[in-house]
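The structure appears right after this line, and notes come after that.
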């Protein structure tokens, strides 16, 4: 009787361990991603949907903006790395300054704000 019980439990555990739910979870994630892409496409401008030239033009504008931002970021990081704070001060907004926060949440009351004059 105990041999039958041990065999039954081992078969049950084997079958329970073989059940794999990762496919269902991956399918749910893929569906969510497809839904967000569909929403983004449905929100887009009607001009971009009807005019293929507008699509390529907006892609060029976006890539140009990205390249400008990348170059600006590299310039600022190089100036910080070289401790050239006068060059960094040229990138600071004269009215708003630069807000530093060590956390993901930006506390507008207690965070440190550097003005152009303070940094230079």
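Residue numbers (my numbering): 1071 to 1190. We put the CB at the ideal spot given by N, CA and C, even for glycine.
* When burial is assigned at 16 or more other CB atoms within 10 Å of the CB, is residue 1158 buried or exposed? -> buried
* Asked: Ends of the beta strand (DSSP E) at residue 1170?
  -> 1168-1170
* Asked: In whole angstroms, what separates the C-alpha of residue 1178 from that of residue 1165?
  -> 15 Å
* Asked: Does DSSP put residue 1161 in a helix, in a strand, or in coil?
  -> coil
* If you compare alpha carbons, which of 1182, 1175, 1163 is closest to residue 1169? -> 1182
* To do: Name, in chain order, the residues that DSSP records as bridge partners for residue 1084.
  => Bridge partners of residue 1084: none, in fact.
* Asked: If you drop the 5 nearest sequence neighbours on each side, which residues of the same chain put their C-beta closer than 8 Å to that of residue 1162?
  -> 1168, 1184, 1185, 1186, 1189
* Asked: Across which residues does DSSP place residue 1183 in a beta bridge pair?
  -> 1169
* Asked: Once you ignore the five residues that flank residue 1152 on each side, which residues in its own chain have a CB closer than 6 Å to its CB?
  -> none
* Asked: Hey, how far is the Cα of residue 1128 from the Cα of residue 1176?
  -> 32 Å
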